[in-house]
Amino acid sequence: MSVQLVATSAIPKLERGIRLKHDIVRERHVVLGPEMLIELNQTGTAIMNQIDGASTIAEIVDRLAQQFEVNPQDISQDVAEFCTSMMLSRVLSI
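So the sequence shown is numbered by my numbering: it starts at 25 and just counts up by one.
Here's what the structure looks like:
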């Protein structure tokens, strides 16, 4: 079964009770929620830092592409896959 990726026009936002925090012990950012802790790598942290509840996936991709000096087409799929995964984990809502 394949999962449909979120559309680039979708606006992701954190689910209620979810926060992004830097964990000093783990020395990395984590997503915290009720009975949940997800460790993020650098890519996940960069994406999560752009989620403000007002920006579309396309706008997030554009900002990340500028920040890391890459072609937006090269990262669009990765951002959509990450957001879809976080949505399925009930971290994000669309």
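Ideal placement from N, C-alpha and C gives every residue a C-beta, glycine not left out.
Identify, in the order they occur along the chain, each residue of the same chain with its Cβ nearer than 7 Å to the Cβ of residue 70, setting aside the five sequence neighbours on each side.
Cβ within range, chain order: 88.
Test item: CB-CB of residue 53 and residue 63 under 9 Å
The answer is yes: Cβ separation under 9 Å.
Would you report the Cα separation of residue 118 and residue 59, rounded to the nearest angstrom?
Here the C-alpha atom of residue 118 lies approximately 21 Å from the C-alpha atom of residue 59.
Between residue 75 and residue 116, is the Cβ-Cβ spacing less than 9 Å?
Yes, the Cβ-Cβ distance between residue 75 and residue 116 is below 9 Å.
Let me confirm a value: residue 33 is counted as buried when at least 16 other C-beta atoms fall within 10 Å, else exposed. Which label applies?
By the 16-neighbour rule on beta-carbons within 10 angstroms, residue 33 is exposed.
Determine the burial state of residue 30: buried for a count of at least 16 other Cβ atoms within 10 Å of its Cβ, exposed for fewer.
Under this definition residue 30 is a buried residue.
Name, in chain order, the residues that DSSP records as bridge partners for residue 60.
57, per the DSSP bridge assignment.
Grouping DSSP H, G and I as helix and E and B as strand, with all else coil, what is residue 43?
It is a strand residue.
Bridge partner(s) assigned by DSSP for residue 52:
DSSP output for residue 52 lists 47 as bridge partner(s).
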